[in-house]
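So for the sequence shown, this note's numbering puts the first residue at 2; every next one is plus one.
Structure, as structure tokens:
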Amino acid sequence: GYKISFPLIFDSITGGSKESKEINKNIAEVAKEKNLPIFLGSIRPAIEDPNLLDSYTIARDVAPETFIGLNIGASQLSRGIDIDKLKSFISNIKANALSIHLNPLQESIQVEGEPFFRSVLEKIRFLSKNLGVPIVVKEVGCGISREVASKLELAGVSAINVAGLGGTNWATVESLRAKMLGDNGKAELGALFSTWGIPTAVSIIECAQTVKIPVIASGGIRSGLDMAKALVLGAKYCSIALPVLRASKSISQLSSLVDRFLMEFKVAMFLAGCRSVEELKSVRYYIDYPLRSWIMR
Numbered sequence: 002g003y004k005i006s007f008p009l010i011f012d013s014i015t016g017g018s019k020e021s022k023e024i025n026k027n028i029a030e031v032a033k034e035k036n037l038p039i040f041l042g043s044i045r046p047a048i049e050d051p052n053l054l055d056s057y058t059i060a061r062d063v064a065p066e067t068f069i070g071l072n073i074g075a076s077q078l079s080r081g082i083d084i085d086k087l088k089s090f091i092s093n094i095k096a097n098a099l100s101i102h103l104n105p106l107q108e109s110i111q112v113e114g115e116p117f118f119r120s121v122l123e124k125i126r127f128l129s130k131n132l133g134v135p136i137v138v139k140e141v142g143c144g145i146s147r148e149v150a151s152k153l154e155l156a157g158v159s160a161i162n163v164a165g166l167g168g169t170n171w172a173t174v175e176s177l178r179a180k181m182l183g184d185n186g187k188a189e190l191g192a193l194f195s196t197w198g199i200p201t202a203v204s205i206i207e208c209a210q211t212v213k214i215p216v217i218a219s220g221g222i223r224s225g226l227d228m229a230k231a232l233v234l235g236a237k238y239c240s241i242a243l244p245v246l247r248a249s250k251s252i253s254q255l256s257s258l259v260d261r262f263l264m265e266f267k268v269a270m271f272l273a274g275c276r277s278v279e280e281l282k283s284v285r286y287y288i289d290y291p292l293r294s295w296i297m298r
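Have a look at this one:
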């Protein structure tokens, strides 16, 4: 396996455009420098148009030894995807893993959304057995319940990224987009469901107490202190996207972001009396209301 500098992952952000090529290049540069894993944005654009492939392969060109994961939507799997194309894409980038994102809420509200998820679990099970790289399944801002986590583990996935409620709110994002596009019905739908989901902390606890595979915490991780809290709750890694996107136009800014997270994480460990990341698992913690009411259900 890969040894990384500390349990932080650059999560999926973008791909398939000139701008995303530059972003992925900068992210890969810093990931190589800091010895951190990255997941690229959805590869759907490049599967549909191979001319866009270089906005993804740039990451491998820049960081030949870095752990790089790809990303595809569960909706695309449900509607059917060319497995040979997917395997070829993985081979071209020498990808180390594939992340499959579950985003039923976003697809339901998005004006051009495709809320098709029939047989997704069976497709995930098939890919876990036949793709040749580890499968990570993640949500997109709504969290993963213990019931879903259990099904995913049985389907053979290698890790679960909770992506809970508390970070970027895609119901709100798509609601605002719909309003700009003149679709008031979708705009109102997004506003109605803007609080839908399982809070990140609750999703971490539910998944970590249910499955034996690694749990990745995401959905509002904005500091090294947030990271430490997530690991205390049972996560093995943390992933971030929005802070990375904000800093991604500058390699120095992105490098400084990682340095800040690392310093905050180290201070949190020091104050908790932990000499290793592993010791965070045994730190006693207290959950106050309203999260406490979720845990007690």
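The beta carbon of each residue, even a glycine, is placed where N, CA and C say it ideally should be.
In the DSSP assignment, what residue or residues form a beta bridge with residue i?
i	result
V137	S100, A160
Y57	Answer is none; Y57 lacks a bridge partner.
G186	Note: G186 sits in no beta bridge, so no partner.
G200	For the record, residue 200 in the displayed sequence is Pro; it is not Gly. Paired residue(s): L166.
S43	N72
I217	N162, Y238
Excluding the 5 residues flanking residue i on each side, which residues of the same chain have their C-beta closer than 6 Å to its C-beta?
i	result
V212	A150, E154
G114	E108
A242	D12, I14
Q111	E175
G16	L41, G42, S56, Y57
G221	G167, G168, T201
K26	I59, V63
E30	V63, I252
On a CA-only basis, which of the options is nearest residue i? Give me that one, please.
i	options	result
D62	K22, L99, N72	K22
C275	S18, D83, K230, I69	K230
L258	F117, K187, L122, I28	I28
L234	P38, Y286, V121	Y286
K19	K95, Y57, L177	Y57
C160	A218, A188, M181	The sequence shown places Ala at residue 160, rather than the Cys named in the question. Looking at the Cα atoms, A218 is the closest of the given residues.
P236	Y3, C208, N52, S89	Note on residue identity: the sequence assigns Ala, not Pro, to residue 236. The residue with the shortest Cα to Cα distance from A236 is C208.
G70	S79, E280, N52, K139	K139
N72	F7, I288, I125, M181	I125
L255	F194, A96, Y238, A32	A32
N52	S146, Q77, F90, G225	F90
I82	K95, L132, E66	L132
V268	K152, P116, S224	S224
L78	L128, I214, D184	L128
E34	K187, S92, V137, E66	E66
E123	G157, V134, L99, I145	G157
P135	N170, I145, L99, K152	L99
L281	V141, P116, F271, K180	F271
N170	K152, S195, V137, I214	S195
So, with DSSP's three-state summary, where would you put residue i?
i	result
I29	Just to set this straight, residue 29 is Ala in the shown sequence, not Ile. Reduced to three states, the DSSP call for A29 is helix.
G70	strand
F9	In the sequence as presented, Phe is not what sits at residue 9; that position holds Leu. DSSP places L9 in strand when its eight states are reduced to three.
N36	coil
K4	coil
G225	helix
R285	coil
L292	helix
P244	helix
S195	coil
C143	coil
F118	coil
P65	coil
A273	coil
E1	Residue coverage of the chain in this structure runs from 2 to 298, which leaves residue 1 outside it and unanswerable.
L50	Sequence check: residue 50 is Asp here, not Leu. DSSP places D50 in coil when its eight states are reduced to three.
L132	coil
I14	coil
Please go through the same chain and pick out, in chain order, the residues whose beta-carbon is closer than 8 Å to the beta-carbon of residue i, but skip the five residues on each side of it.
i	result
W197	L106, C143, L166, A172
I1	The first residue shown for the chain is 2 and the last is 298, placing residue 1 beyond what the model contains.
W295	I199, P200, V203
L182	V112
C239	P8, L9, I10, I217, A218, S219, I222, D227, M228, A231, L232
I24	I14, T15, L246, S249, K250
Y3	P38, F68, N97
D184	V112
Q210	R147, G235
N93	L54, T58
A188	S176, L177, A179, K180
P116	S76, P105, E108, S109
Which same chain residues end up closer than 7 Å to residue i when comparing Cβ atoms and leaving out the 5 residues on each side of it in sequence?
i	result
A75	I101, H102, L103, F118, V121
A192	S176
R178	V112
K86	I48
Would the beta-carbon of residue i be found less than 6 Å away from any heavy atom of the ligand MN?
i	result
Q254	Absent from the structure shown: the ligand MN. Ligands present: none.
On the three-pair Cβ rule with 8 Å, is the stretch 41 to 58 touching the stretch 259 to 277?
-> Contact between the stretch 41 to 58 and the stretch 259 to 277 is absent, because fewer than three Cβ pairs lie under 8 Å.
Would you check if the stretch 203 to 212 and the stretch 157 to 174 touch, i.e. whether three or more CB-CB distances between them fall below 8 Å?
-> Remark: three or more beta-carbon pairs, one from each stretch, lie closer than 8 Å, so the stretch 157 to 174 and the stretch 203 to 212 are flagged as touching.
May I ask you to verify whether the stretch 268 to 287 touches the stretch 240 to 249, counting CB pairs closer than 8 Å and requiring at least 3?
-> The stretch 268 to 287, when compared against the stretch 240 to 249, does not touch it at the 8 Å Cβ threshold.
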